[in-house]
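Everything in the sequence shown is counted per my numbering, starting at 159 for the first residue and increasing by one.
A quick write-up on the structure given underneath.
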Amino acid sequence: MSKHRLKQKINSLLDGTPEGDDITILYHNPVTGEVEVLYQSPAAKRLEAEENKEQSNPTEQ
Numbered sequence: 159m160s161k162h163r164l165k166q167k168i169n170s171l172l173d174g175t176p177e178g179d180d181i182t183i184l185y186h187n188p189v190t191g192e193v194e195v196l197y198q199s200p201a202a203k204r205l206e207a208e209e210n211k212e213q214s215n216p217t218e219q
C-alpha cells in the first residue's frame, strides 16, 4: 500500500476523533530503517512545539 493510500486510510479512521486527542502515527520502513510521521494531530503538534520550546529555553534554578 502506498504512503498516499495509508494517509487517506488514517484520515478516514480518525474522522470524528475528539480534537484534543494527542495522536501521532509513525511509519517505520523495514528496508531503510527510516521513520516518518504519517499523521500528527493538532494537539500532538502543539505539545511537540511546547516541548521543543522548553528544551531550547530551559529555566534557571
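We put the beta carbon where it would ideally sit given N, CA and C, even for glycine.
If you're wondering where the values come from, they're calculated on a predicted model, not measured in any experiment.
Same chain, Cβ closer than 8 Å to residue i, neighbours up to 5 away in sequence not counted
{"i": "Ile181", "result": "Leu172, Thr175, Tyr197, Gln198, Ser199, Ala201, Ala202"}
{"i": "Asp179", "result": "Ser199, Ala201"}
Residue i and residue j closer than 8 Å at C-beta
{"i": "Glu194", "j": "Leu205", "result": "no"}
Close-in-space but distant-in-sequence residues of the same chain around residue i (CB under 7 Å, 5 per side omitted)
{"i": "Ile168", "result": "Ile183, Leu196, Tyr197"}
{"i": "His186", "result": "Val193"}
Limits of the unbroken alpha helix (DSSP H) element including residue i
{"i": "Ile181", "result": "No alpha helix (DSSP H) contains Ile181, which DSSP labels as neither H nor E."}
{"i": "Ser170", "result": "161-172"}
Contact test: residue i Cβ vs the ligand FMN heavy atom, cutoff 7 Å
{"i": "Ile181", "result": "Absence of the ligand FMN is noted for the structure shown, with no ligands found whatsoever."}
For residue i, the first and last residue of its enclosing beta strand (DSSP E)
{"i": "Glu208", "result": "Element bounds for Glu208: not the beta strand (DSSP E) but the alpha helix (DSSP H), 200-214."}
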